[in-house]
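Student: Here's a structure for you.
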Amino acid sequence: MTSVQQIPVLVVGGGLVGLSAALFLEYHDIPYVLVERRAGASVLPRSRGMHVRTAELYRQIGIEEPVQRAASTALRAGGFGGAWEGDSLRTATALELPPSMLAMMKGDPSPARFLFLPQVLLEPVLADLARERGGDLRFGVELVDFDGDAAGVTATLRDESGSVTRVRADYLIAADGAGSPIRRALGIPGAELPPTHHYLNAFCRVDLTGVLGGRSFSQCEIVNDRVRGLVLTKNNTDEWSFHIEYDPAAESPRDYPDERCVDLIRAMIGEHDIPVEVLARSAWDTGTFVADEYRRDRIFLAGDAAHRHAPWGGFGGNTGIADVHNLAWKLAAVLAGTAGPALLDTYAAERRARATVAVEQSRLGADFRTRYRIATGDNADDLARQLDPGAVMTRFRYASNAVCGTATGRPHVDRLAGQPGTRLPHLWIDAAESVSTLDLCGPGFALLVVGTSAAWRDAAARALRDTGIEIAVHALPAEPWGIATWLPEGGALLVRPDMHVAARSDTGLTPATLTATLRSITGREARSSRHAS
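Counting from 1, one number per residue, gives the positions in the sequence shown under UniProt numbering.
The following block contains the structure:
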């Protein structure tokens, strides 16, 4: 009889989201196995930017430095040089970005920053870090069957040699991409919108230094009498992605052999004899999808398996990474017995709403000029509906019962000030500006107190005895912390492990109610029932 390996979590998918899930689980001391059917990473650059919020998540788990090093190398080679348009790269000119776009690019206060780092460069860094930290990563291993029940998931795995193994996991995270075989097997439908554009992405080696003459860009829209499409940089020298638009009613990707692609790419460049080598290619479209369910018993959808975005704004991978950051601490709490199973229901309640907003915003960028907030005379409605990335990724507000009890009716706040459901505001708390208030969060709960904290420390000790939940208590000065959070002396914020405010002292939280508040958040009524589920 084949033995079955027992594990707390099985992660299926070794892309950005799956690898990030592995690292977040490790941060919370949760053993896992990650399987990925590909033996190696895709060579297509795909996602090229890490939003500030993603950088904050990586900072929390201590991988900011290696990721920044990789980003610094990518930025020196490529970087975001702005937006261009024209009938070829040789004649294209830069768009003049409006003040609203420039203001948006400044972002919200944070200890982190936006990083230019193509996915093809980031994934190996994450994989190496996960292995260094003891992660069980199995590339070239495919999930071929699974059976879920109320107590866990039994999975059958097959490696490239054909060898079959079985594992029994308490929980499974499906980060297996937009086509998600797991989601399809579960029969989970979703809200889908048809594509506005169809593209063939040809990743090429072509030296454009002579054509560009030292200039650089992030995206360039090319429209001429032979081809319409986009050019995206990877290193601003000899690695580029050419996205060739096609009409699926008249053609398919099969109608674009490499020879035809090279011919069209030369037309996009404006040099008809320049050497072009196609390294990889794929077809994609701007259709969107949000799954109706994010959880089926002990199986959770994350990343593209749960939501598919148009690429504009870079919300796809970044939203997926935030998914698994949200999920990891909740799984850790339930597995440790300090939370009840109901806490896991808040994953879908919180993250699906975020994906819906991000999907809408991604579709608003289908028009090139609208993407960069440039008025064209017929895009006023779309411009009015656009949110800046900070509102979507950083200033959003969760509205589940695990955070603030009632729905807020608004997807984001204008300024982070410790409102329940929002990401904790960032302030430097040392003169060297090396330690942020965000650095005080995780892996457990935290209390950030304005001034005197003795009563809160006593309350935290009582809560630990009653719930088994440890709470780190930090006393911060009234100026500037009290001013930033609108709290008086002795006021406090209770912050979840994912840096989101769970409660505040001017909306019902007191030292006397701290234990009850924790029970409400985690779904645990008393410590005596910690291991019952």
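Beta carbons are placed, not taken as given, at the ideal position from N, Cα and C, and that holds for glycine. Source: prediction; values computed, not measured.
Where alanine 432 and phenylalanine 116 are concerned, what is the direct C-alpha to C-alpha distance, given to the nearest angstrom?
Tutor: 26 Å
Student: Assuming cysteine 261 is part of the alpha helix (DSSP H), what are its boundary residues?
Tutor: 258-269
Student: Quick check on aspartate 147: does DSSP put it in helix, strand or coil?
Tutor: Strand.
Student: Using a Cβ distance threshold of 8 Å, determine whether the segment 337-345 contacts the segment 513-525, with at least three qualifying pairs required.
Tutor: yes
Student: Quick one: Cα of tryptophan 240 to Cα of serine 362, how far?
Tutor: 22 Å
Student: Determine the DSSP secondary structure at histidine 426, reduced to helix, strand or coil.
Tutor: coil
Student: Can you tell me which of Leu44, Asn235, Arg53 and Val17 puts its alpha carbon nearest to the alpha carbon of alanine 130?
Tutor: The residue with the shortest Cα to Cα distance from alanine 130 is Val17.
Student: Mind listing, in chain order, the continuous beta strand (DSSP E) runs of no fewer than 3 residues lying wholly within the segment 434-496?
Tutor: 445-450, 471-476 and 492-495
Student: Sort out for me which residues DSSP pairs threonine 165 with in a bridge.
Tutor: Leu157
Student: Going by DSSP in three states, isoleucine 321 sits in which element: helix, strand or coil?
Tutor: helix
Student: Could you check which residue in Leu476, Gly451 and Leu447 has the C-alpha nearest to that of alanine 463?
Tutor: Leu447
Student: Can you check whether the CB of valine 52 is closer than 8 Å to the CB of leucine 34?
Tutor: no
Student: In the structure shown, what three-state DSSP assignment does histidine 531 receive?
Tutor: Caution applies to histidine 531, whose pLDDT of 38 falls short of 50 and renders its modelled position unreliable; the value that the coordinates give is listed next. Reduced to three states, the DSSP call for histidine 531 is coil.
Student: To which residues does DSSP link methionine 499 through a beta bridge?
Tutor: Bridge partners of methionine 499: none, in fact.
Student: What's the call for leucine 518, buried or exposed, on a 16-neighbour Cβ count within 10 Å?
Tutor: buried
Student: Span of the alpha helix (DSSP H) holding residue 541?
Tutor: The structure shown has nothing for residue 541, since the chain only spans 1 to 533.
Student: Give the straight-line distance between the Cα atoms of glycine 508 and alanine 280, rounded to the nearest whole angstrom.
Tutor: Cα to Cα, the separation comes out at about 57 Å.
Student: Return the residue from the list Pro194, Asn201, Ile321 and Thr237 that minimises the CA-CA distance to valine 262.
Tutor: If we check each option's Cα against that of valine 262, Asn201 comes out closest.
Student: Spell out the partners DSSP gives residue 545 in its beta bridges.
Tutor: The structure shown does not extend to residue 545, since the chain is modelled only from 1 through 533, so no value can be given for it.
Student: State yes or no: is the C-beta of isoleucine 173 within less than 8 Å of the C-beta of leucine 416?
Tutor: No Cβ-Cβ contact shorter than 8 Å links isoleucine 173 with leucine 416.
Student: Considering only the beta carbon of each residue, do alanine 22 and alanine 302 sit closer than 8 Å?
Tutor: For alanine 22 and alanine 302, no; Cβs fall outside 8 Å.
Student: From the DSSP output, read off the bridge partner residues of threonine 233.
Tutor: Trp240
Student: Can you name the start and end residues of the beta strand (DSSP E) that tyrosine 199 belongs to?
Tutor: 198-205
Student: Tell me whether valine 403 sits in a helix, a strand or coil according to DSSP, three-state version.
Tutor: Note on valine 403: pLDDT 43, under 50, position unreliable in the model; no value is reported.
Student: Kindly identify the DSSP beta-bridge partner or partners of phenylalanine 368.
Tutor: Partner(s): none; phenylalanine 368 has no beta bridge.
Student: Can glycine 418 and phenylalanine 289 be called in contact, C-beta distance under 8 Å?
Tutor: no
Student: Sort out for me which residues DSSP pairs phenylalanine 116 with in a bridge.
Tutor: Gly49
Student: State yes or no: is the C-beta of valine 153 within less than 8 Å of the C-beta of isoleucine 299?
Tutor: Contact annotation: valine 153 and isoleucine 299 have beta-carbon atoms nearer than 8 Å.
Student: Would you call isoleucine 244 buried or exposed, if buried means 16 or more other Cβ atoms sit within 10 Å of its Cβ?
Tutor: buried
Student: Within the continuous beta strand (DSSP E) that includes glycine 86, where are the two ends?
Tutor: 83-86
Student: Whole angstroms is fine: what's the gap from leucine 19's alpha carbon to glutamine 6's?
Tutor: Their backbone Cα atoms lie some 20 Å apart in a straight line.
Student: List the residues that DSSP assigns as beta-bridge partners of tyrosine 32.
Tutor: Val9
Student: How is serine 100 classed by DSSP in three states: helix, strand or coil?
Tutor: DSSP places serine 100 in helix when its eight states are reduced to three.
Student: What is the rounded straight-line gap between the Cα of alanine 77 and the Cα of serine 520?
Tutor: Its pLDDT being 49, under 50, alanine 77 is placed unreliably by the model, and the measurement read from it follows with that caveat. Rounded to the nearest angstrom, the two C-alpha atoms are 50 Å apart.
Student: Sorted by chain position, which residues of the same chain lie with C-beta nearer than 6 Å to methionine 50's C-beta, five sequence neighbours on each side aside?
Tutor: Leu115 and Leu117
Student: Which same chain residues end up closer than 6 Å to leucine 193 when comparing Cβ atoms and leaving out the 5 residues on each side of it in sequence?
Tutor: Thr288
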